[in-house]
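Report on the following structure.
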Amino acid sequence: MKILMIGTTVQSLLGFRYELLKDLVSAGHEVYALSVDYDYKSKQTLIDIGVVPVDYTISRSGINPFKDFVNFIFLYKLIKKITPDIVFSYFTKPCIWGSLAAYYAGVHKIIAMLEGLGFLFTEQPSGIPQKTKILKRIQILLYRI
36 MKILMIGTTV
46 QSLLGFRYEL
56 LKDLVSAGHE
66 VYALSVDYDY
76 KSKQTLIDIG
86 VVPVDYTISR
96 SGINPFKDFV
106 NFIFLYKLIK
116 KITPDIVFSY
126 FTKPCIWGSL
136 AAYYAGVHKI
146 IAMLEGLGFL
156 FTEQPSGIPQ
166 KTKILKRIQI
176 LLYRI
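Count along the sequence shown from 1, add 35, and you get the number used in my numbering.
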């Protein structure tokens with residue numbers, strides 16, 4: 036079975052998903068791991084346990100809808116190319132865009148693990164600007180999709 040894991044940082048991938056990745060490979064699955072900040076050492080760490088590291092770009096806290104749409108298209112094409120049986124995403128943007136891309140790419144098993152509400156829901160020292168209120172509503176709508 037092919038499994039695609041979509042996150043945002045290598046630190047979280049190796050720090051919190053490493054044992055899961057090893058177990059999935061040990062169980063005979065073909066595992067791909069998407070992250071934005073791979074270096075040679077982190078890629079080699081994953082390759083050594085049988086995981087295929089894949090680079091991609093995403094702005095974790097950016098609010099540019101064009102960049103998010105480009106990221107969605109990239110994820111969609113990548114998912115169509117890899118043809119995973121399962122897509123597992125974690126953190127806000129990978130859960131939103133990765134899940135949508137997987138759905139439109141025809142993946143039947145999509146797992147999204149939100150570990151928090153995301154950057155927009157963190158406390159702001161100067162109150163909540165109108166733009167943030169609007170973006171929160173949009174993000175809540177995307178979570179529901």
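Beta carbons are placed, not taken as given, at the ideal position from N, Cα and C, and that holds for glycine.
Unbroken beta strand (DSSP E) run spanning residue i, endpoints
i, result
"F123", "I121 to Y125"
"Y67", "E65 to S70"
"L39", "K37 to I41"
"D90", "V86 to D90"
Alpha-carbon to alpha-carbon, residue j and residue i
i, j, result
"I84", "L39", "15 Å"
"A136", "V142", "9 Å"
"K112", "G133", "11 Å"
"Q79", "I41", "18 Å"
"D181", "A68", "Outside the shown range of the chain (36 to 180) lies residue 181, about which nothing can therefore be said."
"I99", "L149", "With the sequence shown as reference, residue 99 is identified as Asn, and Ile is not the correct amino acid for it. Those two C-alpha atoms are separated by around 21 Å."
Residue i classed as buried or exposed, judged by whether at least 16 other C-beta atoms fall within 10 angstroms
i, result
"I108", "exposed"
"S124", "buried"
CB of residue i within 9 Å of CB of residue j, strictly
i, j, result
"K37", "E54", "no"
Identity of the residues DSSP links to residue i by a beta bridge
i, result
"A147", "S124"
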